[in-house]
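If you read the protein sequences in the order shown, they are chains S and A.
Under the working numbering, the first residue of the first sequence is numbered -17, with each subsequent residue one higher.
Under the working numbering, the first residue of the second sequence is numbered 578, with each subsequent residue one higher.
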Amino acid sequence: SAVISQKPSRDICQRGTSLTIQCQVDSQVTMMFWYRQQPGQSLTLIATANQGSEATYESGFVIDKFPISRPNLTFSTLTVSNMSPEDSSIYLCSVRLTGGGLIRYEQYFGPGTRLTVT
Amino acid sequence: QKEVEQNSGPLSVPEGAIASLNCTYSDRGSQSFFWYRQYSGKSPELIMSIYSNGDKEDGRFTAQLNKASQYVSLLIRDSQPSDSATYLCAVNKLAGGGNKLTFGTGTQLKVEL
């Protein structure tokens, strides 16, 4: 597996503001993903962060609301823009490791960012 | 019909017993299957992956896959109080869905002394 860190670990923000969440991995990875886990719910994929190109968003998520950057193979950011209380959630980045000549689809998660919007 | 379904629980088992967690999925094109453990306030931790029909054992954990029945399960032998957590089933679809993992809503397991 990989060591994945996220910053900040938690934040309380006012509605209408934006927060950028950082995800750092200790090794180069091809695939990075951003998920949301709302209170008491399971994980929902927001987007796949593509290195060197625009992120691929899932249905219901748009770039204007959740802009994503992926400047290199070890780092990505997710911004939650113009926040409302409905954006209160845990935001998680995950990575898919490759190597050894095998195609594997396991994903490993960072510790998460707990966001509260007031 | 949800893409990945799990009984939300809670599933209560006594310490030392076998816990059996079940998951069904709707897309026959699904290729790989995962079990994650999530403690309260923590992020999901991968504990098992299975790609082929049959059983896969790792320590006290056994994953079972039956693609014909679209069913995957996780058995935890000699359950310990530290196994108390929510267990998430995840399914990966390759065709069209790319590398997307779809998660079930999770089953809460409580191991009682």
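Cβ coordinates follow ideal geometry from the N, Cα and C atoms, glycine included.
Keep in mind that this is a model prediction, so the values were computed, not measured.
Check: In chain S, which residues lie less than 7 Å from residue 681 of chain A when you measure between Cβ atoms?
Finding: Taking the second sequence and counting its residues from 1, the one referred to as residue 681 of chain A is at position 104. Near residue 681 of chain A (Cβ distances below 7 Å), the residues of chain S are 24.
Next item on the list: Pull up the distance between the alpha-carbon of residue 27 of chain S and that of residue -12 of chain S, whole angstroms please.
Entry: Your numbering for residue 27 of chain S matches position 45 in the first sequence. Your numbering for residue -12 of chain S matches position 6 in the first sequence. Straight-line Cα distance between these residues: approximately 17 Å.
Margin query: As a quick exercise: from A/661, A/654, A/631, A/656, pick the residue whose alpha carbon is nearest that of residue 648 of chain A.
Written below: By 1-based counting over the second sequence, the position of residue 648 of chain A is 71. Considering only alpha carbons, the answer is A/631.
Notebook entry, point to check: Leaving out the 5 sequence neighbours to the left and right, which residues in its chain are closer than 6 Å to residue 658 of chain A when beta-carbon positions are compared?
Noted result: Within the second sequence, numbered from 1, the residue matching residue 658 of chain A stands at position 81. 688.
Next item on the list: Compare the C-beta of residue 27 of chain S against all C-beta atoms of chain A and say whether one is closer than 8 Å.
Entry: Mapped onto the first sequence, residue 27 of chain S falls at position 45. At least one chain A Cβ lies under 8 Å of residue 27 of chain S.
Note to self: With H, G and I counted as helix, E and B as strand and the rest as coil, what does DSSP make of residue 660 of chain A?
What the structure shows: Residue 660 of chain A sits at position 83 when you count from the first residue of the second sequence. It is helical.
Margin query: Strictly below 7 Å CB to CB, what residues from chain A border residue 87 of chain S?
Written below: The sequence position of residue 87 of chain S within the first sequence is 105, counting from 1. Residues of chain A passing the Cβ test: 609, 669, 676.
Notebook entry, point to check: Within the 8 Å Cβ cut-off, does residue 34 of chain S reach chain A?
Noted result: For the purposes of this step, residue 34 of chain S is taken as residue 52 along the first sequence, with counting starting at 1. Not a single C-beta of chain A is nearer than 8 Å to the C-beta of residue 34 of chain S.
Item checked: For residue 21 of chain S, three-class secondary structure by DSSP -> For the purposes of this step, residue 21 of chain S is taken as residue 39 along the first sequence, with counting starting at 1. In the structure shown, residue 21 of chain S sits in coil (DSSP, three-state: anything other than H, G, I, E or B).
Next item on the list: Take the Cβ of residue 614 of chain A as the centre, count every other Cβ of all protein chains shown within 10 Å, and call the residue buried at 16 or more, exposed below.
Entry: In the second sequence, the residue the question calls residue 614 of chain A occupies position 37. It is buried - the Cβ of residue 614 of chain A has at least 16 other Cβ atoms within 10 Å.
Margin query: Please classify residue 3 of chain S as buried or exposed, where buried requires at least 16 other C-beta atoms within 10 Å of its C-beta.
Written below: Position 21 of the first sequence, counted from the start, is the residue given in the question as residue 3 of chain S. With 16 or more Cβ atoms within 10 Å of its Cβ, residue 3 of chain S is classed as buried.
Next item on the list: Compare the C-beta of residue 90 of chain S with all C-beta atoms of chain A and state if any pair is closer than 8 Å.
Entry: Here residue 90 of chain S corresponds to residue number 108 of the first sequence, with the count starting at 1. Yes, because at least one Cβ of chain A sits closer than 8 Å to the Cβ of residue 90 of chain S.
Check: Quick one: is residue 598 of chain A near chain S, going by C-beta distance under 8 Å?
Finding: Translated into positions along the second sequence, residue 598 of chain A becomes position 21. So no, residue 598 of chain A is outside the interface.
Next item on the list: Mind listing the chain A neighbours of residue 13 of chain S? Cutoff is C-beta to C-beta under 7 Å, in chain order.
Entry: What you label residue 13 of chain S is simply residue 31 of the first sequence in a count that begins at 1. Result: 676.
Next item on the list: Examine chain A for any beta-carbon lying closer than 8 Å to the beta-carbon of residue 42 of chain S, and answer yes or no.
Entry: Residue 42 of chain S sits at position 60 when you count from the first residue of the first sequence. Judged by the 8 Å Cβ criterion, residue 42 of chain S is not in contact with chain A.
Next item on the list: Report all residues from its chain with a CB closer than 6 Å to the CB of residue 49 of chain S; omit the five preceding and five following residues, and keep chain order.
Entry: The sequence position of residue 49 of chain S within the first sequence is 67, counting from 1. So the list reads 61, once near-sequence residues are dropped.
Check: If we call anything under 8 Å between Cβ atoms a contact, is residue 89 of chain S one with residue 76 of chain S?
Finding: Mapped onto the first sequence, residue 89 of chain S falls at position 107. Mapped onto the first sequence, residue 76 of chain S falls at position 94. Yes, these two residues count as a Cβ contact at 8 Å.
Margin query: Taking the straight line between their C-alpha atoms, what separation do you get for residue 177 of chain S and residue 654 of chain A?
Written below: With chain S running from -17 to 100 in the structure shown, residue 177 of chain S is simply not present.
Check: Where does residue 49 of chain S fall in DSSP's three states?
Finding: Here residue 49 of chain S refers to the residue found at position 67 when the first sequence is read from its first residue. Note: residue 49 of chain S maps to coil in three-state DSSP.
Margin query: Counting only beta-carbon separations shorter than 8 Å, does residue 74 of chain S have a partner in chain A?
Written below: Counting from one through the first sequence, the residue named residue 74 of chain S turns up at place 92. It does; some Cβ of chain A falls within 8 Å.
Checklist line | Closer than 7 Å at the beta carbon, the chain A residues around residue 93 of chain S | finding: Looking up residue 93 of chain S in the first sequence gives position 111. Here the neighbours are 620.
Next item on the list: State buried or exposed for residue 54 of chain S, treating a residue as buried only when at least 16 other CB atoms are found within 10 Å of its CB.
Entry: By one-based count along the first sequence, residue 54 of chain S stands at place 72. With fewer than 16 Cβ atoms within 10 Å of its Cβ, residue 54 of chain S is classed as exposed.
Checklist line | Amino acids of chain S, ordered along the chain, whose beta-carbon sits closer than 8 Å to that of residue 665 of chain A | finding: On the second sequence, position 88 is the one that residue 665 of chain A refers to. Ordered by position in chain S, the residues that pass the 8 Å Cβ test against residue 665 of chain A are 24, 25.
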